[in-house]
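S.K.: For the record, the sequence lines run as chains A, B and C.
The first sequence begins at 1 in the numbering used here and counts up by one.
The second sequence begins at 1 in the numbering used here and counts up by one.
The third sequence begins at 1 in the numbering used here and counts up by one.
Where is the CB? At the ideal position from N, CA and C, for every residue including glycine.
Nothing here was measured: the structure is a model prediction, and the numbers come from that model.
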Amino acid sequence: MIPIAYALRNLWRRRARTIATILGIGATTLLVVVMTAFSAGLDNASAKTARDDVVILLGTSAEVDLVRSVVTRGSAEAAAAAVPGVLSAGGVRAASVELHLATRSGDRIGLLRGVNPAAYLVHPQVSVIEGRDPRGPFELMVGRLAATRMGLPESDLAVGRTIRLENRDWKVSGRFAAPGTVMEAEMWTRLDDLMLATKREDVSCVAVRLEDPDAIDDVRLFAARRLDLEIAAVPEAELMRELERGLKPITALARWMALLVLAAGAFACANTMFAAVLARTRELATLRALGYSPFAVAISLVQEATLVAFLGGAFGVFAALAIGHISLRFPMGAFTLDLDVQRRALGLGAAVVSGLLGGIVPALRAVRMRLVDALGGKA
Amino acid sequence: MRDLLSFLPYVVRTARRARTRTLLTVAGAALAMGLFAFVRTVERGVDDLSARAGTQTLVVFQDSRFCPLTSELPVRYAGPIRDTPGVEEVLPTLVFINSCRSNLDLVTLHGVEPRSIDKVYDFKVLDGDLAGWKTRGDGALVGERLAARRGARVGERIRLGEIDVHVNAVVRGSGAGIDNIAFVHLDQLALARKKLGGATQFLVRLSPGADPAEVAETIDRTFKNDESRTDTKTMQAFVAGAVGEIREVVSFAKMLGYLAVVIVALVLANTVFISAQSRANEMGVMETIGVTKPLLAALVALEGVGLGLVGGALGAGLVALAFTIHPTTLGIEGWGIDFHPSLAVALQTLAASFAVGLLASVLPAIDAAMRPLARAVKEE
Amino acid sequence: MSLIEIDAVTKTYHGTSEDVTPLEDLSLRIDEGEFVALMGPSGSGKTTLLNLIAGIDQPTAGRVTVAGEEVSALSARELARWRTRSVGFVFQGYNLLPVLTAYENVEVPLLLLRLPRADRDRKVMTALGAVGLGDRAHHLPRQLSGGQQQRVSIARAIVADPKVLLADEPTGNLDRVAATATLDLLKRLNTEFGKTLVMVTHDALAAGAADRLIHLDKGRIVEDAHA
Numbered sequence: 001m002i003p004i005a006y007a008l009r010n011l012w013r014r015r016a017r018t019i020a021t022i023l024g025i026g027a028t029t030l031l032v033v034v035m036t037a038f039s040a041g042l043d044n045a046s047a048k049t050a051r052d053d054v055v056i057l058l059g060t061s062a063e064v065d066l067v068r069s070v071v072t073r074g075s076a077e078a079a080a081a082a083v084p085g086v087l088s089a090g091g092v093r094a095a096s097v098e099l100h101l102a103t104r105s106g107d108r109i110g111l112l113r114g115v116n117p118a119a120y121l122v123h124p125q126v127s128v129i130e131g132r133d134p135r136g137p138f139e140l141m142v143g144r145l146a147a148t149r150m151g152l153p154e155s156d157l158a159v160g161r162t163i164r165l166e167n168r169d170w171k172v173s174g175r176f177a178a179p180g181t182v183m184e185a186e187m188w189t190r191l192d193d194l195m196l197a198t199k200r201e202d203v204s205c206v207a208v209r210l211e212d213p214d215a216i217d218d219v220r221l222f223a224a225r226r227l228d229l230e231i232a233a234v235p236e237a238e239l240m241r242e243l244e245r246g247l248k249p250i251t252a253l254a255r256w257m258a259l260l261v262l263a264a265g266a267f268a269c270a271n272t273m274f275a276a277v278l279a280r281t282r283e284l285a286t287l288r289a290l291g292y293s294p295f296a297v298a299i300s301l302v303q304e305a306t307l308v309a310f311l312g313g314a315f316g317v318f319a320a321l322a323i324g325h326i327s328l329r330f331p332m333g334a335f336t337l338d339l340d341v342q343r344r345a346l347g348l349g350a351a352v353v354s355g356l357l358g359g360i361v362p363a364l365r366a367v368r369m370r371l372v373d374a375l376g377g378k379a
Numbered sequence: 001m002r003d004l005l006s007f008l009p010y011v012v013r014t015a016r017r018a019r020t021r022t023l024l025t026v027a028g029a030a031l032a033m034g035l036f037a038f039v040r041t042v043e044r045g046v047d048d049l050s051a052r053a054g055t056q057t058l059v060v061f062q063d064s065r066f067c068p069l070t071s072e073l074p075v076r077y078a079g080p081i082r083d084t085p086g087v088e089e090v091l092p093t094l095v096f097i098n099s100c101r102s103n104l105d106l107v108t109l110h111g112v113e114p115r116s117i118d119k120v121y122d123f124k125v126l127d128g129d130l131a132g133w134k135t136r137g138d139g140a141l142v143g144e145r146l147a148a149r150r151g152a153r154v155g156e157r158i159r160l161g162e163i164d165v166h167v168n169a170v171v172r173g174s175g176a177g178i179d180n181i182a183f184v185h186l187d188q189l190a191l192a193r194k195k196l197g198g199a200t201q202f203l204v205r206l207s208p209g210a211d212p213a214e215v216a217e218t219i220d221r222t223f224k225n226d227e228s229r230t231d232t233k234t235m236q237a238f239v240a241g242a243v244g245e246i247r248e249v250v251s252f253a254k255m256l257g258y259l260a261v262v263i264v265a266l267v268l269a270n271t272v273f274i275s276a277q278s279r280a281n282e283m284g285v286m287e288t289i290g291v292t293k294p295l296l297a298a299l300v301a302l303e304g305v306g307l308g309l310v311g312g313a314l315g316a317g318l319v320a321l322a323f324t325i326h327p328t329t330l331g332i333e334g335w336g337i338d339f340h341p342s343l344a345v346a347l348q349t350l351a352a353s354f355a356v357g358l359l360a361s362v363l364p365a366i367d368a369a370m371r372p373l374a375r376a377v378k379e380e
Numbered sequence: 001m002s003l004i005e006i007d008a009v010t011k012t013y014h015g016t017s018e019d020v021t022p023l024e025d026l027s028l029r030i031d032e033g034e035f036v037a038l039m040g041p042s043g044s045g046k047t048t049l050l051n052l053i054a055g056i057d058q059p060t061a062g063r064v065t066v067a068g069e070e071v072s073a074l075s076a077r078e079l080a081r082w083r084t085r086s087v088g089f090v091f092q093g094y095n096l097l098p099v100l101t102a103y104e105n106v107e108v109p110l111l112l113l114r115l116p117r118a119d120r121d122r123k124v125m126t127a128l129g130a131v132g133l134g135d136r137a138h139h140l141p142r143q144l145s146g147g148q149q150q151r152v153s154i155a156r157a158i159v160a161d162p163k164v165l166l167a168d169e170p171t172g173n174l175d176r177v178a179a180t181a182t183l184d185l186l187k188r189l190n191t192e193f194g195k196t197l198v199m200v201t202h203d204a205l206a207a208g209a210a211d212r213l214i215h216l217d218k219g220r221i222v223e224d225a226h227a
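(1) For the structure I just gave you, are there three or more beta carbon pairs, one from the segment 78-92 of chain A and one from the segment 146-165 of chain A, closer than 8 Å?
(2) Among residues of its own chain, excluding the 5 on either side of residue 373(B), which ones have a beta-carbon nearer than 8 Å to its beta-carbon?
(3) Please classify residue 153(A) as buried or exposed, where buried requires at least 16 other C-beta atoms within 10 Å of its C-beta.
(4) Alpha carbon to alpha carbon, how far is residue 139(C) from residue 379(A)? Give it in angstroms, no decimals.
(5) With burial defined as no fewer than 16 other Cβ atoms inside 10 Å of the residue's Cβ, what is the status of residue 377(A): buried or exposed?
(6) Ignore the nearest five residues each way along the sequence and tell me which others in residue 150(A)'s own chain have a CB closer than 6 Å to its CB.
(7) Name the chain A residues that come within less than 8 Å of residue 245(B), Cβ to Cβ?
(8) Any residues in the segment 46-70 of chain A with a beta carbon nearer than 7 Å to a beta carbon of chain B? Which ones, in chain order?
(9) In the DSSP assignment, find the beta strand (DSSP E) that holds residue 220(B) and state where it starts and stops.
(10) Is residue 235(A) helix, strand or coil when you go by DSSP?
(11) When the Cα atoms are used, what is the spatial distance from residue 310(A) to residue 298(A)?
(12) Under DSSP, the alpha helix (DSSP H) around residue 382(B) begins and ends at which residues?
(13) Can you name the residues that DSSP bridges to residue 205(A)?
(14) From residue 79(B) to residue 39(B), what distance separates their C-alpha atoms?
(15) Does any C-beta atom of chain A lie closer than 7 Å to the C-beta of residue 103(B)?
(16) I'd like the list of long-range same chain contacts for residue 336(A), defined as Cβ closer than 6 Å, with 5 residues on each side in sequence excluded.
(17) Can the beta-carbon of residue 144(B) be found closer than 7 Å to that of residue 105(B)?
(18) Spatial neighbours of residue 33(C) within its chain, please: C-beta separation below 7 Å, excluding the five flanking residues on both sides.
(19) Taking the straight line between their C-alpha atoms, what separation do you get for residue 115(A) and residue 119(B)?
(20) Any beta-carbon of chain A closer than 7 Å to the one on residue 230(B)?
(21) Would residue 379(B) pass as an interface residue toward chain A - the criterion being a Cβ-Cβ separation below 7 Å?
(22) Tell me the rounded alpha-carbon separation between residue 42(B) and residue 328(B).
(23) Residues bridged to residue 172(B) by DSSP?
(24) Please return the same chain residues whose Cβ sits closer than 8 Å to the Cβ of residue 6(A), not counting the five positions on each side in sequence.
(25) To the nearest whole angstrom, what separates the beta carbons of residue 81(B) and residue 75(B), a pair I think is in contact under 8 Å?
(26) Starting from residue 13(C) and walking both ways along the alpha helix (DSSP H), at which residues does that stretch end?
(27) Anything in chain C within Cβ reach of residue 10(B), meaning under 9 Å, just list it in chain order.
(28) Which residue spans inside the segment 136-189 of chain C form an unbroken beta strand (DSSP E) run of at least 3?
(29) So which of 6(C), 41(C), 22(C), 66(C) has the shortest CA-CA distance to residue 165(C)?
(30) Using a threshold of 7 Å, state whether the C-beta atoms of residue 265(A) and residue 31(A) are closer than that.
(31) Whole alpha helix (DSSP H) runs in the segment 75-113 of chain C with 4 or more residues, listed along the chain?
(32) Run down chain B in chain order and give the residues with a C-beta less than 7 Å from the C-beta of residue 77(C).
(33) Pick helix, strand or coil for residue 34(C), following the three-state DSSP scheme.
(34) Quick one: is residue 28(A) buried, meaning 16 or more other Cβ sit within 10 Å of its Cβ, or exposed?
(35) On the three-pair Cβ rule with 8 Å, is the segment 74-84 of chain A touching the segment 211-219 of chain B?
(36) Determine the extent of the alpha helix (DSSP H) in which residue 216(A) is found, giving its start and end residues.
See the structure below:
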């Protein structure tokens, strides 16, 4: 076997090229990490994170789009009180009357949701991570992505700070997490406060959580029979699917771009591995002439390729570690690219595997090459 | 330079000789520069839309509403708006769009009163006639891009949104977004949408010299305590608001584009390095015959630049072809961002490819040329 | 005045661990029309001397003058041009550009001299004719035998009509038959066309073709005799 020092020495001897290759592989690894995180982040706006026991009562003219749903407060309260099959805990019905609004502050758009305490029962994904829920007048509890959504630095929405929205000052009373849902980009407040501030008399919807997910048909029947309320029952999953459909072009766009870049990166790696070895046929032939078996030569080449790929991968992973996470504003939403441990491991793994694969093809070529030709310079 | 041309066959054949290496390099460059061209096309679409929106037209919308389907103002507002100082003409508009969020098959209908339309909009009739539309109750003026996407031709009947219309004319407008809009009669749309007496927005054409900000403020003040409060902005600000939502995603894509370009540079540099190194002996011989070091370096660099350009042309060409075969418009909140194949983008891509090729080739070329001649010739 | 004048030339290479001085205070004169063979063991400096005459390398001390031109004082750019015009170099390893045909290989020096197409064509075909390969003009090197490739490189060396032909072990890679043919060609170039020839060689047969033998050892001339 050729000692590994040989592989190391070769890499050092051609250090400019080696460094260039490491950087190239590093860049591609970083891309792999970012793109898989991107894909995962996009999935957050999808039906996958919807609860199957939550049903939304929308205004009949809304056509499965929450943005267009308008329900009079009276109808909403009546529906909340009467809808069948609703979960109950501690004497509270899991039926939440909600007002969803987009608000503008300069050219920043924020998402507000006016709720009552029942909301926390209906949406168990919401957990308070700092401070408390809004209890006093004009208090806000902001989601982890709310600042990103508004294009503001995190500190502007820290607990205790004040923000001016809808011509009023609101105090941040707490922060919440709702990982993987659209709620994380929102700012929650008391329903009455929001209605007062925006001078609205109507709400957006009633969200209910059922004891038994299969009871959805009872809810639909209820909505159909109570024509006076002018509501329609839509499972949360369906709403999310509709949302997904609406964002599809953008997510498709993003995924296509990601694919292009990854392909470019893959070509880059393949090219560098392939070409680097090809230029050394004479040297490799000399090794063979010295008595090293074809297998030994091949192993040495694979060692080199894998080493370079590993270093490149490590470089990429460190870059990902340094970046940590990227939060992006999205039409009427926000999402995070979390460059976490799993993604980084995937990136490093991909780099090493590509190194192994990339080293094999030239190794095979080197091995199959006719000794005579190689030494004579014709290879 | 003339010498460079004389040796062009040599450079080309040298690249062809190392077939696999050259193909891999060109493919990688094509993909990355293709992405670059794609992102530039998207950016251009966004910029175009924003640039076309001017400050001499105001949009009166319902306060605190974003999607056009949620804005409702009474048509009677038109009177007081017209009476506001600085206002030359008002156009009440009922808007229908087939999606509040993003979609690739945007249909935007603007229901308007026929008589005022050309006082507020500037458009060019490409086919058909405007006068005919004014008198035909179920007629439509279809914007160029929308017509292309839906295959609408003058004289035909098509279904747009929820209504059937007769295509009176295909138009192109200088204002923002017109190419993706179909103008129909206000009454017809209001009836179909069950919104008689209602409008989504009012388009205001300002008198020359009027101050947009002042007029906007006056209008909003007029309706402050009325049935529905208004929010008046210049068309420019209005479009910016809708389109702003996508800017961050586009910036992210740009970063990706740059990363791709970095990868291309590294690939090219590597290829050029290797190509030169494998021909060290050959180049030494050329020097003994009298090829100067600068010319030698240039020949080496030419391969890098050439490969970069070929890749760039391929990438840009594919993107342009894709958008020519498949005219694409991304709809956001009713606004259409057109992805046009454009010569400007192609040229920019080529220029970038050239620059990257040059940058990537510099070090390898200098390294190859600086090799001491005696040693190069001896290296067997 | 002699065609080639070497005055007290010394060449030192600065290595990583020690300095090497292949040539030390060497002086030599070669007249026009001579056919000189430089011989000696490895490390004697013969190739270094050839490189200095060709302008491929510069002396550390002393002067090299060829056809009245002080080669050792020319700038890199002037040297390049001078090499195209005044010197034809033939290597041991044929050294043809593999992607160019025989014709195109021979044409290269003329491209550098910016000659118009018709002139280039004439000269190339003449050169190829002189080496007996007029009918193989459009073959690629890999389609030619070793001996034929060497002849093409000789054609390239003479196409710009230089005064001096330098050859470094021209028969080293050839079999007996091809070697003899090559030497005959070189001899003819010398006697019929009046080219001054300086050839480095190990081969006694090759040396036999020359009319002056110079032996070098450790950077100095130890013998200089006419055949």
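M.R.: Considering the structure as presented:
(1) no
(2) 284, 287, 288
(3) exposed
(4) Residue placement at residue 379(A) is flagged as unreliable, the pLDDT there being 38, under the threshold of 50; a coordinate-derived value is accordingly withheld.
(5) Residue confidence for residue 377(A) is low, a pLDDT of 47 falling below 50, so the modelled location carries little weight; the figure read from the coordinates is stated next. With fewer than 16 other Cβ atoms within 10 Å, it is exposed.
(6) 108, 110
(7) 109, 329, 330, 331, 332
(8) 65, 67, 68
(9) Looking at the DSSP string, residue 220(B) is not in any beta strand (DSSP E); the run it does join, the alpha helix (DSSP H), is 212-222.
(10) strand
(11) 18 Å
(12) What is shown of chain B runs 1 to 380, which leaves residue 382(B) out entirely.
(13) 58(A), 98(A)
(14) 45 Å
(15) yes
(16) 41, 325, 327
(17) no
(18) 194, 196
(19) 46 Å
(20) no
(21) Note that residue 379(B) has pLDDT 46, beneath the 50 cutoff, so the model's placement of it is unreliable and no number is given.
(22) 10 Å
(23) 124(B)
(24) 300
(25) Not confirmed; about 11 Å, so no contact.
(26) Segment 4-14 is the beta strand (DSSP E) holding residue 13(C); no alpha helix (DSSP H) there.
(27) 97, 99, 100, 104, 108
(28) 164-168
(29) 66(C)
(30) yes
(31) 76-86, 102-112
(32) 292
(33) coil
(34) buried
(35) no
(36) 216-225
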